[in-house]
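A.B. asks: For the sequence shown, the positions run 425 to 932 when the working numbering is used. No residue lacks a Cβ here, since even glycine has one placed at the ideal position from N, Cα and C. None of these values were measured; they are calculated from a predicted model. There's a structure below that I have some questions on.
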Amino acid sequence: MKSKFLFFLVSALATLTTAYQTKAQEFQARQPVVRQARPAYRLIDLGTFGGPNSQFATAPTSNVLTLFGNAVGAADTSTANPYGVMDNPYLLSDQNTEHAFYRCYGGLMDLGTLPNGASSFADWINQSNQIVGFSENGEIDPISGFPEIIAVLWRNDKIASLGTLGGNHSLANSINDRGQIVGAALNATPDDFSLLGLGTETRAFLWQSGKMSDLGTLGGADAFAFFINDKSQIAGFSSTNSTPVDATGLPTIDPFVWQNGRMTDLGSLGGNLGQPFAMNDFGTIVGYSDIAGDQDFHPFLWNGTKMMDLGTLGGSDGEANAVNDLGEVVGDADTTGGADHAFLWMNGKMHDLLTIGSDACSIANSINLLGQIVGDSGDCSASDHAFLSQNGGPMMNLDSLVVQNHTLTVTSAVFIDDLGEIACRGALPNGDQHACLLVPVLASGKRNEPLTAQADAPLQPEVSSLRAGTANTTTPNLRLGDGMRKRARGLRMARWLRLRNTTTPARP
């Protein structure tokens, strides 16, 4: 009986996989369209834990939403940051501490920190509501002088430290639906070119069955893991040697895929610096890579066998920020005039998504299986408008699609799930920034949440009493990023890692 059931299960899964791949091929034949229906959304202000701001992780692509509308990020508390405004590259705190949050239909839950920790941040949530991120632990790293941050897992309303590889810091970046976690952790070996910039070697890790394992490198001293999909494929980047390149000041760094116990170098587009920004469940990886000379960089797609240069919109630079399971890619690239525009790449061609109104620049952050694209549009230095584009159609200002009265202006769209729910950021009139959700209102008038009675009511922050909150900062940090930025060389992940503070900050 058991073997028959297993045979049936395997056969059913194979049939579903074949059907899905066939459907994917059919979708690949579609082309961007010009006209789209105008959707509508209910805006939910997630609020804070008593401080001014809250935010989602944004860069590189982080899964901050489940298909059930649950979300994770971090929110300010009213508690003063005990470390002051310290230039910590992983928690660029303002005057407040910030705590990781978990949003469910009951409201916003404070996930807390490790014992004695001041701040924490949640980066990723899987469909089982297991959450990963990092937390301060109350200790000061004697090597860097920064507060120590440790990779953590939240599940069943409890926080657990994932530890390190012998050093004083670690970060958890992604968790798949099998509960496997990847990230980066320090060991105790001194390293002048540490990718975390904290004095010792940075190594990519896989955490499973209660144990953290070092994934090795591509030949250099350091590696960093960003993503793990449900096939247990891992994407990240690693140094390939220990000799710095004059143009970058770092050893050569290439993106990698790790699978079946082996790390594979994805190569480059001719330069010495590259990084993945997203990976789908079929192992397609996208990101950016320097071209020859290391003065310019292009978006790439790795299709399992080779790295493809996706080109630009006529200018010098570009990067791919997200890819859906159909292999459709979005990102931003320079135009012939030098402005940065959001793009959709499909069927071998890059399509300029333009901007909202008279905005000069735009950036696409996320795309779902329906071909819905979200991102930011603005003046090339900040995000002024969040946008939605459907299948490459004209950008729509998401703030104008909200059905109820609201004082929170939607300025950035970070992530969109396959049901069309959007993780966003909005600005209050006083300049404070709040994490928010946009929930589609169906054409029939029905909604994904019971919202009819509130449809015309003023928007109120959604903060629950599930647990008393004392949260932390809302300052955008370079790792979590401002969704709208001209992703110039100095602000992209691999590059800001070398722009670390070289002096030891004053200890509290």
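Please state whether the Cβ-Cβ distance between D628 and A649 is less than 7 Å.
C.D. replies: Taking the first residue of the sequence shown as 1, we reach residue 628 at position 204. Taking the first residue of the sequence shown as 1, we reach residue 649 at position 225. Note that residue 628 is Ala in the sequence shown, not Asp. Their beta carbons are under 7 Å apart, which means A628 touches A649 by this criterion.
A.B. asks: Per DSSP, which one or two residues make a beta bridge with G474?
C.D. replies: Counted from its first residue, the sequence shown places residue 474 at position 50. DSSP lists T501 as partners of G474.
A.B. asks: Hey, out of H765, G751, Q604 and A608, whose CA is closest to S633's CA?
C.D. replies: Here residue 633 refers to the residue found at position 209 when the sequence shown is read from its first residue. Nearest option by C-alpha distance: Q604.
A.B. asks: List the whole-angstrom C-beta distance separating R825 from A464, where the pair is believed to meet the contact cut-off of C-beta under 8 Å.
C.D. replies: Taking the first residue of the sequence shown as position 1, residue 825 is located at position 401. Taking the first residue of the sequence shown as position 1, residue 464 is located at position 40. The sequence given here has Leu at residue 825, not Arg. Sure, about 6 Å apart at Cβ, within 8 Å.
A.B. asks: What separation, rounded to the nearest whole angstrom, lies between the Cα atoms of A851 and N477?
C.D. replies: Numbered from 1 along the sequence shown, position 427 holds the residue referred to as residue 851. Numbered from 1 along the sequence shown, position 53 holds the residue referred to as residue 477. Rounded to whole angstroms, A851 to N477 spans 9 Å at the Cα level.
A.B. asks: If I'm right that D749 touches L793 with Cβ under 8 Å, what's the distance once you round it to whole angstroms?
C.D. replies: Translated into positions along the sequence shown, residue 749 becomes position 325. Translated into positions along the sequence shown, residue 793 becomes position 369. The distance from the Cβ of D749 to that of L793 is about 6 Å, consistent with a contact at the 8 Å cut-off.
A.B. asks: Compare the beta carbon distance of S502 and G475 with 7 Å and say whether it is the shorter of the two.
C.D. replies: Counted from its first residue, the sequence shown places residue 502 at position 78. Counted from its first residue, the sequence shown places residue 475 at position 51. Against a cut-off of 7 Å, the Cβ pair of G475 and S502 comes out as a contact.
A.B. asks: Which term fits S662, buried or exposed, when burial requires 16 or more other beta carbons within 10 angstroms of its beta carbon?
C.D. replies: Within the sequence shown, the letter at position 238 stands for residue 662. Flag for S662 reads buried.
A.B. asks: So who's on the other strand from G799, going by DSSP bridges?
C.D. replies: To locate residue 799, count along the sequence shown from 1; it is residue 375. DSSP output for G799 lists A788 and F811 as bridge partner(s).
A.B. asks: Straight-line CA distance for V969 to A702?
C.D. replies: Because the chain spans 425 through 932 in this model, residue 969 falls outside it and cannot be assessed.
A.B. asks: Give the single residue among L577, A847 and L832 whose Cα lies nearest to the Cα of G855.
C.D. replies: The sequence position of residue 855 within the sequence shown is 431, counting from 1. With distances taken between Cα atoms, G855 lies closest to L832.
A.B. asks: Just to confirm before moving on: does the CB-CB distance between P700 and A659 stay below 7 Å?
C.D. replies: Position 276 of the sequence shown, counted from the start, is the residue given in the question as residue 700. Position 235 of the sequence shown, counted from the start, is the residue given in the question as residue 659. Their beta carbons are under 7 Å apart, which means P700 touches A659 by this criterion.
A.B. asks: Using only CA atoms, which one of L586, T472, L538 and I652 lies nearest to P571?
C.D. replies: The residue you call residue 571 lines up with position 147 of the sequence shown. Ranking L586, T472, L538 and I652 by Cα distance to P571 puts L538 first.
A.B. asks: Per DSSP, A851 forms a beta bridge with which residues?
C.D. replies: Taking the sequence shown and counting its residues from 1, the one referred to as residue 851 is at position 427. For A851, DSSP records a beta bridge to T833 and Q857.
A.B. asks: Going straight from the alpha carbon of G590 to that of P506, what length do you get?
C.D. replies: The count along the sequence shown starts at 1 and reaches residue 590 at position 166. The count along the sequence shown starts at 1 and reaches residue 506 at position 82. When the Cα atoms are used, G590 and P506 turn out to be separated by approximately 26 Å.
A.B. asks: Under the assumption that L942 contacts S813 (Cβ atoms under 8 Å), give the Cβ distance between them as a whole number of angstroms.
C.D. replies: Outside the displayed span of the chain (425 to 932) sits residue 942, for which this structure offers no information.
A.B. asks: If you count every other CB in all the chains shown that lies within 10 Å of the CB of Y712, and 16 or more means buried, which is it?
C.D. replies: As a first step, residue 712 must be located in the sequence shown, where it is residue number 288. With 16 or more other Cβ atoms within 10 Å, it is buried.
A.B. asks: Kindly indicate which residue of D534, C528, Y529 and G530 has the alpha-carbon position closest to the one of E522.
C.D. replies: Along the sequence shown, read from residue 1 onward, the residue named residue 522 stands at position 98. Checking every option, the nearest Cα to that of E522 belongs to D534.
A.B. asks: How many whole angstroms separate the CB atoms of V556 and F525, which I take to be in contact at a CB cut-off of 8 Å?
C.D. replies: Walking along the sequence shown from the start, residue 556 turns up at place 132. Walking along the sequence shown from the start, residue 525 turns up at place 101. That pair is no contact at about 14 Å.
A.B. asks: Please state the DSSP three-state secondary structure of L822.
C.D. replies: Translated into positions along the sequence shown, residue 822 becomes position 398. It is helical.
A.B. asks: Rounded to whole angstroms, what's the CA-CA distance from P675 to P614? Just pull it up for me.
C.D. replies: As a first step, residue 675 must be located in the sequence shown, where it is residue number 251. As a first step, residue 614 must be located in the sequence shown, where it is residue number 190. Their backbone Cα atoms lie some 16 Å apart in a straight line.
A.B. asks: Where does C804 fall in DSSP's three states?
C.D. replies: Locating residue 804 in the sequence shown gives position 380, counting from the first residue. Reduced to three states, the DSSP call for C804 is coil.
A.B. asks: Please check the pair K655 and D705, which I expect to be a contact at CB under 8 Å, by giving their CB distance rounded to whole angstroms.
C.D. replies: Along the sequence shown, one-based indexing puts residue 655 at 231. Along the sequence shown, one-based indexing puts residue 705 at 281. 7 Å between Cβ atoms; contact.
A.B. asks: Can you tell which of S740, A746 and I599 has the C-alpha that lies nearest to the C-alpha of T760?
C.D. replies: On the sequence shown, position 336 is the one that residue 760 refers to. The candidate whose alpha carbon is nearest that of T760 is S740.
A.B. asks: With 16 as the cutoff for other CB atoms within 10 Å, does D842 come out buried or exposed?
C.D. replies: Walking along the sequence shown from the start, residue 842 turns up at place 418. Answer is exposed; the Cβ neighbour count stays below 16.
A.B. asks: Using the three-state DSSP reduction, which class does Y465 fall into: helix, strand or coil?
C.D. replies: If you number the sequence shown from 1, residue 465 lands on position 41. Note: Y465 maps to strand in three-state DSSP.
A.B. asks: Assuming A766 contacts D758 under a Cβ cut-off of 8 Å, what Cβ separation, rounded to an integer in Å, is found between them?
C.D. replies: As a working note, residue 766 is residue 342 in the sequence shown. As a working note, residue 758 is residue 334 in the sequence shown. Between D758 and A766 the Cβ distance is about 12 Å, and since that is not below 8 Å, they are no contact.
A.B. asks: Given a threshold of 16 other Cβ atoms within 10 Å of its Cβ, counted over all protein chains shown, does R849 qualify as buried or as exposed?
C.D. replies: Stepping through the sequence shown from its first residue, residue 849 is reached at position 425. So R849 counts as buried.
A.B. asks: Which value, in whole angstroms, describes the spacing of the CA atoms of F768 and P818?
C.D. replies: Indexing the sequence shown from 1 puts residue 768 at position 344. Indexing the sequence shown from 1 puts residue 818 at position 394. Correcting the residue identity first, residue 768 is Leu in this sequence and not Phe. Near 12 Å, if we compare the C-alpha coordinates of P818 and L768.
A.B. asks: To the nearest whole angstrom, what separates the beta carbons of N771 and F839, a pair I think is in contact under 8 Å?
C.D. replies: As a working mapping, residue 771 is identified with position 347 in the sequence shown. As a working mapping, residue 839 is identified with position 415 in the sequence shown. Going by Cβ atoms, the distance from N771 to F839 rounds to 24 Å, so no, they are not a contact pair.
A.B. asks: What does DSSP give as the partner residues of L725 in its beta bridges?
C.D. replies: As a first step, residue 725 is located in the sequence shown; it is residue number 301 there, counting from the start. Beta-bridge pairing links L725 to V710 and M732.
A.B. asks: From which residue to which residue does the beta strand (DSSP E) around E560 run?
C.D. replies: If you number the sequence shown from 1, residue 560 lands on position 136. Its beta strand (DSSP E) spans residues I555 to I564.
A.B. asks: Per DSSP, R579 forms a beta bridge with which residues?
C.D. replies: Residue 579 sits at position 155 when you count from the first residue of the sequence shown. In the DSSP output, where bridge partners are listed per residue, R579 has K582.
A.B. asks: Just grab the DSSP bridge partners of N520 for me.
C.D. replies: For the purposes of this step, residue 520 is taken as the residue at position 96 of the sequence shown. DSSP output for N520 lists A504 as bridge partner(s).
A.B. asks: Nearest by alpha-carbon distance to H775: which of N815, F558, G781 and W631 is it?
C.D. replies: Reading the sequence shown from its first residue, position 351 is the one you call residue 775. If we check each option's Cα against that of H775, N815 comes out closest.
A.B. asks: Starting from the N-terminal side, write out each stretch of the beta strand (DSSP E) that is 3 residues or longer and does not extend beyond the stretch 640 to 679.
C.D. replies: DSSP assignment within the stretch 640 to 679 yields the following whole beta strand (DSSP E) runs of 3 residues or more, N-terminal first: 647 to 652 and 658 to 668.
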